[in-house]
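Working notes, structure below.
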Amino acid sequence: MNQAAAVVLDLDGVIVKSNLVKHHAMLSLFSAPAAELEKISAYILANGGVRRDHKITHVLGKILGIEPTGAVVADYLSRYAEKLESLLSVAPLVEGVKEFLAVGAHTFYVSSSAPEIEVEAQLARANLAGSFAKVYGAGTPKASALHQIVSFEPDRAVIFFGDSVGDLEAAKEANVAFVAVACELDNFPGQCVIKVSSFASLASVEQAIQGAIALHAI
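Numbering of the sequence shown is given in this note's numbering, commencing with residue 4 and proceeding in unit increments.
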């Protein structure tokens, strides 16, 4: 196995500190009693790796009892996108990620559940678009993206940096190593995972990569 690895990064909460921004923006779409808003908030926070249309459909149908027709969901998605447009433009990068991408010997990919156009815009805004061999958005489920990357990188270990339980499940489904990023939120209490809070210490990130590879091999 080559020393350099194929490193796959989720976007929100891993490259950009945008999870809490998106949480507040989505929560603000719904008018409901406090108890239901608490359920909606908890659901959004617990499902960071889930596509936004799926989250909105769940909230409407399962929590608010509103039929999530295509037109209704489309209206929520449009209002959500409007709220995000200005908020994402000022969302900061996770500490050290730009340096990690610049000096690392690895090949880098992105796999996000956000729409492709939004992912590309965020990467371009941060001057990171040229850092990645390939970028996947909502059109490609994360497990499928990881399977593809494994096929692209037959001689390298593949490691997925994610910040949600859904990211961990995608890594397990694709049979790749996983590093949990607990920057904005720690969604992995009690989980047997290698964890980092940022990329500020490049040495610690490289240790996490090697630790994740070793843990995956067990």
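The beta carbon of each residue, even a glycine, is placed where N, CA and C say it ideally should be.
Rounded separation between residue i and residue j - CA only
i: residue 130; j: residue 68; result: 42 angstroms
i: residue 72; j: residue 174; result: 32 angstroms
i: residue 152; j: residue 39; result: 40 angstroms
i: residue 104; j: residue 180; result: 19 angstroms
i: residue 10; j: residue 36; result: 43 angstroms
i: residue 119; j: residue 125; result: 10 angstroms
i: residue 127; j: residue 194; result: 34 angstroms
i: residue 5; j: residue 12; result: Below a pLDDT of 50, predicted positions are generally treated as unreliable, and residue 5, at 41, falls in that range; no measurement from the model is reported.
i: residue 65; j: residue 42; result: 10 angstroms
i: residue 198; j: residue 162; result: 13 angstroms
i: residue 32; j: residue 79; result: 7 angstroms
i: residue 70; j: residue 86; result: 23 angstroms
i: residue 59; j: residue 46; result: 10 angstroms
i: residue 154; j: residue 192; result: 32 angstroms
i: residue 77; j: residue 133; result: 32 angstroms
i: residue 117; j: residue 57; result: 11 angstroms
i: residue 159; j: residue 106; result: 18 angstroms
i: residue 234; j: residue 34; result: Lying outside 4 to 221, the shown extent of the chain, residue 234 is not represented and no answer is given.
DSSP beta-bridge partners of residue i
i: residue 161; result: 9
i: residue 198; result: 183
i: residue 24; result: In the DSSP output, where bridge partners are listed per residue, residue 24 has none listed.
i: residue 207; result: Paired residue(s): none; residue 207 is not in a bridge.
i: residue 114; result: 139
i: residue 15; result: 19
i: residue 240; result: Any property of residue 240 remains undetermined from this structure, which presents the chain solely from 4 to 221.
Closer than 7 angstroms: residue i CB and nearest the ligand FAD heavy atom
i: residue 159; result: Questions concerning the ligand FAD fall outside what the structure shown contains, since it holds no ligand whatsoever.
8 angstroms Cβ shell around residue i - same chain, five flanking residues per side excluded
i: residue 17; result: 97, 100, 164, 165, 166, 184 and 186
i: residue 102; result: 202 and 205
i: residue 44; result: 26 and 30
i: residue 144; result: 173
Short Cβ contact (8 angstroms threshold) for residue i with residue j
i: residue 29; j: residue 112; result: no
i: residue 7; j: residue 109; result: yes
i: residue 15; j: residue 115; result: yes
i: residue 75; j: residue 63; result: yes
i: residue 215; j: residue 182; result: yes
i: residue 190; j: residue 51; result: yes
i: residue 171; j: residue 196; result: yes
i: residue 176; j: residue 148; result: no
Spatial neighbours of residue i in its chain, beta-carbon cut-off 6 angstroms, leaving aside the 5 residues before and after
i: residue 94; result: 19, 20, 21 and 24
i: residue 156; result: 9
i: residue 219; result: 180
Cβ-based neighbour list, residue i, same chain, cut-off 7 angstroms, excluding 5 preceding and 5 following
i: residue 3; result: Nothing in the structure corresponds to residue 3, since the chain is present only between 4 and 221.
i: residue 200; result: 185 and 186
Expected contact under 8 angstroms - CB spacing of residue i and residue j to nearest Å
i: residue 188; j: residue 48; result: 7 angstroms
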